[in-house]
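Residue numbers (the numbering used here): 14 to 310.
Note that CB positions come from ideal geometry on N, CA and C, so glycine has one too.
The next block holds one structure in the form of structure tokens; read it before the comments.
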Amino acid sequence: MKLGEPTLDQLRIFIAVAEHGSFGGAARASGRAISAISYGIAQLEAALALTLFDREGSRRPVLTAAGEGLLAEARSVADGVDALLAKARSLHAGQEPSLTLVIDVMMPGEVTAQVLGAFRQMFPTCALTLRIEGLGAVAACLIGGEADLAIGGPVIGDQPSLERQAVGAVDLIPVAAPFHPLARAGVAPGESRRHLQLVLTDRSPLTEGREFSVLSPLTWRLGDLGAKHALLKEGLGWGNMPRGMVAGDLASGALVELDLPEKPGAHYTLNALWRRDTRLGPAASWLVDSFRERLGC
């Protein structure tokens, strides 16, 4: 049997229907008519002489065994073309004239300052826009097309539209003012749940409803790490903070590291993140390497 040659557009339609679970969902995501989606699937099935979706007995198309087997190959082809186009764009563009960088609020400030100071010397003609965000808001800036590169933490999970590369980590430690009840020695298991915990909250829907190192049912949710830092020093609660940010407070005694039985601290991994349909240019690639070197990864 002689098979036809599927087009890239047909493969993208196939992937879209599989990912969105319906012809209508694929049509909305791609800004096309449902009839165009249906026609593309029919043409692909004809070219391959295979039925890719079972449309009977359900209003939602279900992948057949053949469809399941070919989906990974279709994605591989589409990803390969995306990579080729991204590389071609970077070759045409050369060095980026501008770059928007989003950095996780947990990144040590001195590292950011050192990297960006060197960046200014290395790429004086590249206009840099810097944003500081927390948790899922870092990745949301990339997914929404508001940024070119991000350095974000581990809490967003795997986003299929993003590439990632580990660049380092920071330690989060539980702290409180020295006069806080949890600051004394010999805290009993479960006692932390009876005290107010200050928690950094997400300003994006990517991690909505998820909790990260939250022990107490008594919480204040804060969108700003600086505000959390100030409230901790006033003794209004306890919470996790980047060790580097509170190092001076620990040395002066303004804050103390808590010795809680639950050990709620964390090793907060930082990753360079960018969209899969783009390829990093010289300036962005330099930033990734520089952050990794400064963080010792």
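If I'm right that Thr142 touches Thr113 with Cβ under 8 Å, what's the distance once you round it to whole angstroms? 4 Å
Ordered along the chain, which non-local residues of its own chain (more than five positions away) have a Cβ less than 7 Å from that of Gln313? Residue 313 lies beyond the residue range present for the chain, which begins at 14 and ends at 310; the question has no answer from this structure.
DSSP state of Leu143, grouped into three classes? strand
For the beta strand (DSSP E) that contains Gln23, what are its first and last residues? Gln23 -> not in any beta strand (DSSP E); alpha helix (DSSP H) instead, spanning 21-33.
Does the distance from the C-beta atom of Lys241 to that of Ala190 stay below 8 Å? no
Local Cβ density within 10 Å of Glu58, reported as buried at 16 or more and exposed below that: buried
Between the CA atoms of Val212 and Leu235 - distance to the nearest angstrom: 6 Å
Quick one: what's got a C-beta closer than 8 Å to Glu123's C-beta in the same chain, skipping five residues either side? Gly257
Please state whether DSSP places Gly93 in a helix, a strand or coil. helix
According to DSSP, simplified to helix, strand and coil, what is Phe304? helix
Answer with buried or exposed for Val272, where buried requires no fewer than 16 other C-beta atoms within 10 angstroms of its C-beta. Here residue 272 turns out to be Asp, not Val, going by the sequence shown. Classification for Asp272: exposed.
Taking only runs that begin and end inside the segment 232-274, name each unbroken alpha helix (DSSP H) of 4 or more residues, in chain order. 238-246, 256-265
Start and end residues, beta strand (DSSP E) containing Val13: Past the boundaries of the shown model lies residue 13; the chain is included only from 14 to 310, so the question cannot be answered.
If you run the structure through DSSP and keep just helix, strand and coil, what is Glu86? helix
Look at the Cβ atom of Pro295, then the Cβ atom of Gln108, and state whether they are nearer than 8 Å. yes
In or out: Pro173 buried (at least 16 other Cβ within 10 Å) or exposed? exposed
Throw me the rounded Cβ distance for the Ala163 and Leu286 pair, which I believe falls under 8 Å. 4 Å
Let's test the definition: count the other Cβ atoms within 10 Å of the Cβ of Pro19 and tell me whether it reaches 16, buried, or not, exposed. buried
Run of the alpha helix (DSSP H) containing Arg45, from where it starts to where it stops: Careful: Arg45 lies outside any alpha helix (DSSP H) and carries neither H nor E.
Looking only at its own chain, which residues have a Cβ that is under 8 Å from the Cβ of Leu24, when we skip the five neighbours before and after it? Leu57, Ala87, Val90, Ala91
Here's the rule: buried if 16 or more other CB atoms are within 10 angstroms of the residue's CB, otherwise exposed. What is Asp161? buried
Using the C-alpha atoms, what's the distance from Val183 back to Gly199? 27 Å
Is the beta carbon of Val118 less than 8 Å from the beta carbon of Gly149? no
Only counting the same chain, and skipping five residues up and downstream in sequence, which positions put a Cβ closer than 7 Å to that of Leu244? Leu211, Gly250
In chain order, what residues of the same chain have a beta carbon less than 7 Å from the beta carbon of Gly34, not counting five sequence neighbours either side? Arg73
Backbone CA spacing between Arg144 and Leu76 [nearest angstrom]: 41 Å
Under the three-state reduction of DSSP, which class applies to Leu293: helix, strand or coil? coil
Arg311: buried (16+ other C-beta within 10 angstroms of its C-beta) or exposed? In the structure as shown, the chain begins at 14 and stops at 310. Residue 311 is therefore absent and cannot be evaluated.
Integer Cβ distance of Ala46 from Ala39, believed to fall under 8 Å: Their Cβ separation, rounded to whole angstroms, is 11 Å, which puts Ala46 and Ala39 out of contact at 8 Å.
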